[in-house]
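In this note's numbering, the protein residues as written are 506 to 799.
Below is the structure:
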């Protein structure tokens, strides 16, 4: 298959890219890694009239400190994030998750911001960013805004991004003391889209009780799902097998999975509960020992 005819631009500055996106509005699509957009265009599932290639924008490829945490540029390659020692030290949940994303060849081209903007409900990074309570910097010609991960994803392959806007930076909050994390997913083969998955981030207070808990699930709805009922079950509780099981069971009420050729809704709900129990167990172990290599 071949894509429909389109106009192609390769800007060499962010301002030029934003100007082009603003000028062409809903007719334009930004091209980052292209690992999702190009196949969609080849199958005529997407037919933008204008393609704005961002690959000359080295200014959007970085991992650095910001005033609110660790900032990752939208055009940073997934492989660079996977190999980053800074990410491993300050956001180990991201490092643990990266090998689950497709295959190395895909991660070599795919970008951190591109995966988030694409908003595939079966993708790993959107759920991880929700678990970490990340903030997204969105730029347009003449202005910018910042949106929390909880509010960024609004539906199937849909975000709050408007025509002319670009996700330029992701800010991951600083990791507090006594924090634990875990990522779990189940797929038919490594590299396949997950049948269900979960990203967990927890913290303990000075008495060993759960101070915060964020459980984000993927592939069980039309967007990444934050399991708020399950989170609430854990708050103020001393981690125990009973508390973890109660929170995992509560996940079943937070999600509304659908059936397809790969798995039934019932099986996806079962997987979500099992994977959440496993992830919470590991996350609380890490929070209690402070050993991120467990």
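Where a beta carbon is used, it is the ideal one built from N, C-alpha and C, also for glycine.
Pick helix, strand or coil for residue i, following the three-state DSSP scheme.
| i | result |
| --- | --- |
| residue 764 | coil |
| residue 512 | strand |
| residue 745 | coil |
| residue 605 | helix |
| residue 658 | strand |
| residue 666 | coil |
| residue 582 | strand |
| residue 726 | coil |
| residue 517 | coil |
From which residue to which residue does the beta strand (DSSP E) around residue i run?
| i | result |
| --- | --- |
| residue 623 | No beta strand (DSSP E) contains residue 623, which is instead part of the alpha helix (DSSP H) from 617–623. |
| residue 686 | 684–691 |
| residue 717 | 715–723 |
| residue 556 | 555–558 |
| residue 589 | Run containing residue 589: none; DSSP gives neither H nor E here. |
| residue 702 | 701–709 |
| residue 641 | 640–645 |
Taking the alpha-carbon positions, what's the residue i to residue j distance?
| i | j | result |
| --- | --- | --- |
| residue 597 | residue 662 | 26 Å |
| residue 645 | residue 524 | 8 Å |
| residue 798 | residue 722 | Any answer about residue 798 is weak, because its pLDDT of 42 lies below 50 and its placement is not dependable; what the coordinates show is given next. Those two C-alpha atoms are separated by around 23 Å. |
| residue 735 | residue 754 | 8 Å |
| residue 605 | residue 633 | 12 Å |
| residue 582 | residue 561 | 13 Å |
| residue 706 | residue 556 | 37 Å |
| residue 674 | residue 530 | 21 Å |
| residue 564 | residue 585 | 15 Å |
| residue 658 | residue 620 | 12 Å |
| residue 740 | residue 714 | 8 Å |
| residue 712 | residue 685 | 15 Å |
| residue 545 | residue 622 | 15 Å |
| residue 508 | residue 559 | 19 Å |
| residue 635 | residue 651 | 15 Å |
| residue 719 | residue 787 | 14 Å |
| residue 746 | residue 616 | 38 Å |
| residue 732 | residue 790 | 20 Å |
| residue 553 | residue 762 | 30 Å |
| residue 571 | residue 769 | 43 Å |
| residue 785 | residue 756 | 12 Å |
| residue 610 | residue 573 | 32 Å |
| residue 591 | residue 698 | 27 Å |
| residue 742 | residue 748 | 7 Å |
| residue 512 | residue 522 | 14 Å |
| residue 612 | residue 680 | 25 Å |
| residue 704 | residue 628 | 11 Å |
Candidates the options: which alpha carbon is nearest residue i's?
| i | options | result |
| --- | --- | --- |
| residue 778 | 758, 763 and 794 | 758 |
| residue 678 | 542, 541 and 638 | 638 |
| residue 540 | 515, 790 and 608 | 608 |
| residue 510 | 528, 624, 521 and 543 | 543 |
| residue 551 | 567, 534 and 538 | 534 |
| residue 568 | 554, 558 and 593 | 593 |
| residue 458 | 600, 536, 687 and 642 | The shown model of the chain, from 506 to 799, leaves out residue 458, and the question about it has no answer. |
| residue 625 | 693, 640 and 728 | 728 |
| residue 547 | 526, 517, 506 and 666 | 506 |
| residue 576 | 514, 591 and 676 | 676 |
| residue 773 | 655, 519 and 690 | 690 |
| residue 708 | 699, 665, 687 and 589 | 687 |
| residue 794 | 683, 726 and 693 | 683 |
| residue 765 | 726, 751, 696 and 694 | 726 |
Identify the continuous alpha helix (DSSP H) that holds residue i and give its terminal residues.
| i | result |
| --- | --- |
| residue 737 | 733–739 |
| residue 671 | Counting along the chain, residue 671 falls outside any alpha helix (DSSP H), though it belongs to the beta strand (DSSP E) covering 671–678. |
| residue 694 | Looking at the DSSP string, residue 694 is not in any alpha helix (DSSP H), and its letter there is neither H nor E. |
| residue 774 | 770–794 |
| residue 506 | That residue, residue 506, is in no alpha helix (DSSP H); it is neither H nor E in DSSP. |
| residue 636 | 629–636 |
Does the ligand PLP have even one heavy atom less than 8 Å from the beta-carbon of residue i?
| i | result |
| --- | --- |
| residue 543 | The model on display carries no ligand, and the ligand PLP is accordingly not part of it. |
Worksheet item: What are the complete beta strand (DSSP E) segments, minimum 3 residues, inside the stretch 519–580?
Response: Complete beta strand (DSSP E) runs here, min 3: 533–536, 555–558, 568–571 and 574–578.
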